[in-house]
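Novice:
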Amino acid sequence: METRIYSNSTKYSVKEILLKSLKGYRSSFHLAKQLARRDITSQHRQSIFGIFWVILPVIMNAMVWIFLQSSGTIQLTPTNIPYPLFALVGTAIWSIFGECLNMPMGTINGNRGIITKINFEKEALISLGLIKIGFNFLIKLTMILFFILYFQVIPATSMLLFLPFLFLVMLFFISIGIIISPIGILYNDISKFIPIGLQLLMYITPVLYVVPKSGLMQTIMQINPLSYIITDIRNTLTGMPIEYGFFWLGFLVVTLFLSLIAMVVYRVSMPIITERMSA
């Protein structure tokens, strides 16, 4: 029996909603590009250091741990690549995950004016966020490649999997962000909790240190799926072999399923969100 969902007092099947969503992304992409150009230009025009602010938080976060490790303040398990590169790549990748998770709510809240005043396909807002994330990603990737060359790390064929793996994880976090955005738009507690949750989650994920060989933290990291994600994505960039190949097959299925749910949730919830914003 086909599932039907009410949207604007009209019943649509899930398939019809997905098709409308895809059509919305396609027809609104030009608007998304215009909005992205506006946002990126205004953001960096009003800044002395410009695009440097995209990588500054990554560098500063990594430098704290690099200093603690090099000064002997903390003792970390030795890494297979120079620790500064290990920390920089880890924090850069983690920052991309955070951007993807925050993007749907941030983009919707940041464009309340046009949402309530102009009638357009709201998928443009997600495309807008994707373009801005892509712009920041290129800057961070340039930084990562610079340090890879600086530390003379020789890439391997696994580097070909870097972009597919990363894009898959980005889609996963964006889908999660879209699914929780209807609640997050109505209740600011969600958007305030996400940075705190990500910060705590980073410390039980091998972003800044490898999985310990024993102990409680090893157990926690082994049941944390983000441990497999961050480890293999960093491995693809630094010439190390993929460690969790079978995990990525299951992760692909989960991510595709979540992305379909996200498309339906977004298409159905945006008229309600628009109405609430207009009230």
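This note's numbering puts the first residue of the sequence shown at 718, with every later residue one more than the last. For every residue, glycine included, the Cβ atom is placed at its ideal position computed from N, Cα and C.
Given that a residue counts as buried once 16 or more other Cβ atoms are within 10 Å of its Cβ, and exposed if not, what is Ile854?
Specialist: Taking the first residue of the sequence shown as position 1, residue 854 is located at position 137. The identity of residue 854 in the sequence shown is Phe, whereas the question assumes Ile. Under this definition Phe854 is a buried residue.
Novice: Please look up how many angstroms separate the CB atoms of Leu925 and Gly807, rounded, as I've assumed it's under 8 angstroms.
Specialist: Along the sequence shown, one-based indexing puts residue 925 at 208. Along the sequence shown, one-based indexing puts residue 807 at 90. Rounded, the Cβ-Cβ distance is 6 angstroms, consistent with contact.
Novice: What three-state label does DSSP hand Ser976 in the structure shown?
Specialist: On the sequence shown, residue 976 is found 259 positions in, with the first residue counted as 1. Here Ser976 sits in helix by DSSP.
Novice: Tell me whether the beta-carbon of Met919 lies closer than 8 angstroms to the beta-carbon of Val928.
Specialist: If you number the sequence shown from 1, residue 919 lands on position 202. If you number the sequence shown from 1, residue 928 lands on position 211. Their beta carbons are not under 8 angstroms apart, which means Met919 does not touch Val928 by this criterion.
Novice: Among Val731, Asn797, Met980, whose alpha-carbon lies nearest the alpha-carbon of Gly956?
Specialist: Here the question's residue 956 lines up with position 239 in the sequence shown. Nearest of Val731, Asn797, Met980 to Gly956, Cα basis: Asn797.
Novice: Quick one: what's got a C-beta closer than 7 angstroms to Leu977's C-beta in the same chain, skipping five residues either side?
Specialist: Against the sequence shown, residue 977 aligns to sequence position 260. These residues qualify, in order along the chain: Leu735.
Novice: Determine the closest residue to Phe814 out of Pro912, Thr972, Met887, Thr922, with distance taken between C-alpha atoms.
Specialist: Here the question's residue 814 lines up with position 97 in the sequence shown. The shortest Cα separation from Phe814 among Pro912, Thr972, Met887, Thr922 belongs to Met887.
Novice: Since Leu862 contacts Thr953 with CB under 8 angstroms, what's their CB separation in whole angstroms?
Specialist: Within the sequence shown, numbered from 1, the residue matching residue 862 stands at position 145. Within the sequence shown, numbered from 1, the residue matching residue 953 stands at position 236. So it is not a contact: roughly 13 angstroms between Cβ atoms.
Novice: Assign Ser730 to one of three DSSP states: helix, strand, or coil.
Specialist: One-based indexing of the sequence shown puts residue 730 at position 13. Reduced to three states, the DSSP call for Ser730 is strand.
Novice: Look up Gly932 in the DSSP assignment and say whether it is helix, strand or coil.
Specialist: Mapped onto the sequence shown, residue 932 falls at position 215. Correct three-state label for Gly932: coil.
Novice: The alpha helix (DSSP H) with Leu805 in it runs from where to where?
Specialist: Walking along the sequence shown from the start, residue 805 turns up at place 88. Where Leu805 is concerned, the enclosing alpha helix (DSSP H) stretches over 800–827.
Novice: Looking at the structure shown, is Tyr920 part of a helix, part of a strand, or coil, going by DSSP?
Specialist: For the purposes of this step, residue 920 is identified with residue 203 of the sequence shown, where counting begins at 1. In the structure shown, Tyr920 sits in coil (DSSP, three-state: anything other than H, G, I, E or B).
Novice: Buried or exposed: Lys909, going by 16 or more other Cβ atoms within 10 Å of its Cβ?
Specialist: For this step, residue 909 is matched to residue 192 along the sequence shown. Result: exposed.
Novice: Quick one: any contact between the region 959–976 and the region 930–946, if contact means 3 or more CB pairs under 8 angstroms?
Specialist: They touch, by the three-pair rule.
Novice: Tell me the rounded alpha-carbon separation between Leu903 and Phe837.
Specialist: Within the sequence shown, numbered from 1, the residue matching residue 903 stands at position 186. Within the sequence shown, numbered from 1, the residue matching residue 837 stands at position 120. Spanning the two alpha carbons is a distance of roughly 21 angstroms.
Novice: Identify, in the order they occur along the chain, each residue of the same chain with its Cβ nearer than 6 angstroms to the Cβ of Lys793, setting aside the five sequence neighbours on each side.
Specialist: Here residue 793 refers to the residue found at position 76 when the sequence shown is read from its first residue. Residue identity differs from the one stated: residue 793 is Leu in this sequence, not Lys. Same-chain partners within the cutoff: Gln786, Tyr926.
Novice: Within the continuous alpha helix (DSSP H) that includes Pro899, where are the two ends?
Specialist: For the purposes of this step, residue 899 is taken as the residue at position 182 of the sequence shown. Its alpha helix (DSSP H) spans residues 879–903.
Novice: When you compare each of Pro912, Ile950, Phe974, Leu805 to Leu773 by their alpha carbons, which one comes out closest?
Specialist: Taking the first residue of the sequence shown as position 1, residue 773 is located at position 56. Minimum Cα distance to Leu773 is reached at Leu805.
Novice: Return helix, strand or coil for Ile871, following the three-state DSSP convention.
Specialist: For this step, residue 871 is matched to residue 154 along the sequence shown. In the structure shown, Ile871 sits in coil (DSSP, three-state: anything other than H, G, I, E or B).
Novice: Over the uninterrupted alpha helix (DSSP H) stretch that includes Thr948, give me the two end residues.
Specialist: On the sequence shown, position 231 is the one that residue 948 refers to. Note, Thr948: alpha helix (DSSP H), 942–954.
Novice: What are the boundary residues of the alpha helix (DSSP H) that includes Val781?
Specialist: As a working note, residue 781 is residue 64 in the sequence shown. Run containing Val781: 769–787, per the alpha helix (DSSP H) assignment.
Novice: Between Leu954 and the ligand SAH, is there a pair consisting of the residue's CB and a ligand heavy atom that are separated by less than 7 angstroms?
Specialist: This structure lacks the ligand SAH, and indeed carries no ligand of any kind.
Novice: Around the C-beta of Val775, are 16 or more other C-beta atoms found within 10 angstroms, so that it is buried, or is it exposed?
Specialist: Taking the first residue of the sequence shown as position 1, residue 775 is located at position 58. Buried, by the Cβ-count rule.
Novice: Find out if the Cβ-Cβ distance for the pair Ala979, Ile911 is shorter than 8 angstroms.
Specialist: Position 262 of the sequence shown, counting from 1, holds the residue named residue 979. Position 194 of the sequence shown, counting from 1, holds the residue named residue 911. Not closer than 8 angstroms, so no.
Novice: Using three-state DSSP, classify Met718 as helix, strand or coil.
Specialist: Counting from 1 along the sequence shown, the entry for residue 718 is found at position 1. Residue placement at Met718 is flagged as unreliable, the pLDDT there being 42, under the threshold of 50; a coordinate-derived value is accordingly withheld.
Novice: Report all residues from its chain with a CB closer than 6 angstroms to the CB of Ala809; omit the five preceding and five following residues, and keep chain order.
Specialist: Counting from one through the sequence shown, the residue named residue 809 turns up at place 92. Once the five neighbours on either side are set aside, the close Cβ partners of Ala809 are Val775, Lys857, Ile861.
Novice: If the criterion is Cβ atoms closer than 8 angstroms, does the pair Ala841 and Leu739 meet it?
Specialist: Taking the first residue of the sequence shown as 1, we reach residue 841 at position 124. Taking the first residue of the sequence shown as 1, we reach residue 739 at position 22. In this structure, Leu739 does not lie closer than 8 angstroms to Ala841 by Cβ.
Novice: Classify Pro958 as buried or exposed, calling it buried when 16 or more other Cβ atoms lie within 10 Å of its own Cβ.
Specialist: The count along the sequence shown starts at 1 and reaches residue 958 at position 241. Label assigned to Pro958: exposed.
Novice: Gly789 and Thr824: beta carbons closer than 8 angstroms?
Specialist: Stepping through the sequence shown from its first residue, residue 789 is reached at position 72. Stepping through the sequence shown from its first residue, residue 824 is reached at position 107. Cβ atoms of Gly789 and Thr824: not closer than 8 angstroms.
Novice: What do you get for Pro988, buried or exposed, if any count of 16 or more other CB atoms within 10 angstroms of its CB means buried?
Specialist: For the purposes of this step, residue 988 is taken as the residue at position 271 of the sequence shown. Exposed.
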